[in-house]
Amino acid sequence: MILSGNFTVRSGYDLLASKIASGTPLPDAYFAASDSLAIGALRALQENGINVPEDIQIISFNDTSLAKQVYPPLSSVTVYTEEMGRTAMDVLNKQVLAPREIPTLTMLGTKLTLRESTK
80 MILSGNFTVR
90 SGYDLLASKI
100 ASGTPLPDAY
110 FAASDSLAIG
120 ALRALQENGI
130 NVPEDIQIIS
140 FNDTSLAKQV
150 YPPLSSVTVY
160 TEEMGRTAMD
170 VLNKQVLAPR
180 EIPTLTMLGT
190 KLTLRESTK
């Protein structure tokens with residue numbers, strides 16, 4: 080199941096609150112596309128007496144400082160945005176200096192930090 084919204088705390092809250100209100104069974108875990116979405120979802124779950132991580136686990140994306148400040152602290156995926164920017168500039172410079180018609184694939188690492196929102 081995919082819940083789609085914008086990358087705000089309010090959107091995360093609204094999406095989860097309406098899912099809970101629908102009465103359909105909730106999954107074992109949610110993966111939120113940003114820490115902000117996860118924080119809103121966490122609030123909706125807590126207001127409805129749904130315990131994280133006992134009833135539902137949450138993992139977020141970006142690992143901003145906010146992920147550590149909520150309760151429970153969010154497990155989150157770190158994206159190395161500075162490295163992403165440097166790599167993008169390198170690829171762009173190479174393409175400008177020596178254009179290629181064959182696309183290249185560049186992969187960058189991420190890091191999962193497990194905190195109290197997962198078991």
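Residue 101 in the numbering used here sits at position 22 of the sequence shown, and the numbers go up by one each step.
Positions of the beta carbon are idealized from the N, C-alpha and C atoms, including for glycine.
Under 7 Å between C-beta atoms of residue i and residue j
i: aspartate 114; j: leucine 145; result: yes
i: leucine 201; j: alanine 117; result: The displayed coordinates of the chain run from 80 to 198. Any statement about residue 201 would go beyond what the structure contains.
i: threonine 197; j: glutamine 136; result: yes
i: glycine 119; j: glycine 164; result: no
CA-to-CA distance, residue j to residue i, given in whole angstroms
i: glycine 102; j: asparagine 127; result: 12 Å
i: tyrosine 150; j: leucine 176; result: 50 Å
i: leucine 184; j: valine 170; result: 10 Å
i: asparagine 85; j: leucine 105; result: 21 Å
First and last residue of the uninterrupted alpha helix (DSSP H) at residue i
i: valine 175; result: 160 to 176
i: alanine 120; result: 114 to 126
Whole-Å CB distance - residue i paired with residue j, under 8 Å assumed
i: glutamate 162; j: leucine 187; result: 6 Å
i: alanine 123; j: phenylalanine 140; result: About 18 Å separates the two Cβ atoms, so there is no contact after all.
i: aspartate 142; j: valine 131; result: With a Cβ gap of about 17 Å, aspartate 142 and valine 131 do not count as contacting.
Opening and closing residue of the beta strand (DSSP E) in which residue i lies
i: leucine 191; result: 189 to 192
i: serine 139; result: 136 to 140
i: alanine 108; result: 108 to 110
7 Å Cβ shell around residue i - same chain, five flanking residues per side excluded
i: threonine 192; result: Asp142, Ser154, Ser155, Thr157
i: alanine 96; result: Ala123
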